[in-house]
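Every letter in the sequence shown is one number past the one before it in our numbering, and letter 53, counting from 1, is 228.
Ideal placement from N, C-alpha and C gives every residue a C-beta, glycine not left out.
Structure first, then comments.
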Amino acid sequence: MRRIAVLLLCLASFWGYSQKLVRAEYFIDTDPGPSKGVPIIGITKADSLDVKNLPVPTTGLAEGSHILGLRAQDSLGMWSPTYIMSFSILSGNGNLSTFNQSRLVRAEYFIDTDPGPS
């Protein structure tokens with residue numbers, strides 16, 4: 176029994192090893208697939224990625240609503256889920272954009288079978 180406990184402890188410490196981000200990319204409106212987006216330059220091996228000041232060019236985009244997708248790749252080659260944000264190009268200036276800042280007010284989870292909302 177003690178050997179099993181030690182083995183499980185060793186496996187748990189192996190599974191807990193965190194990977195470093197080595198690559199990140201973005202796309203606007205159409206997802207070209209992992210590793211085919213616009214590379215985010217200057218990524219160093221890190222645990223997280225700060226995209227608050229990410230310079231995303233909006234020149235040439237039509238006025239109206241768009242989506243921005245972001246994802247990162249870790250040192251094992253695995254891609255993160257794509258994080259999607261919506262933004263709008265306002266009239267008068269093709270470079271002016273605003274991100275819709277929405278806040279989560281409720282969340283839920285399920286295992287195996289989705290019981291539906293709420």
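Under the three-state DSSP convention, the category residue i falls into
i, result
"Gly208", "coil"
Under 8 Å between C-beta atoms of residue i and residue j
i, j, result
"Asp289", "Gly244", "no"
"Asp249", "Lys195", "yes"
"Met260", "Ile242", "yes"
"Arg224", "Ala199", "Going by the sequence as given, residue 224 is Leu instead of Arg. Cβ distance < 8 Å, so Leu224 and Ala199 count as in contact."
"Gly239", "Ser263", "yes"
"Leu229", "Ile215", "yes"
"Val231", "Tyr201", "yes"
Residue(s) in a DSSP beta bridge with residue i
i, result
"Ile218", "The partner list for Ile218 (beta bridge, DSSP) is empty, contrary to what the question assumes."
"Tyr258", "Leu245"
"Val213", "Tyr201"
Contact with chain C by residue i, beta-carbon distance below 8 Å
i, result
"Glu283", "The structure shown contains no chain C, having only a single protein chain."
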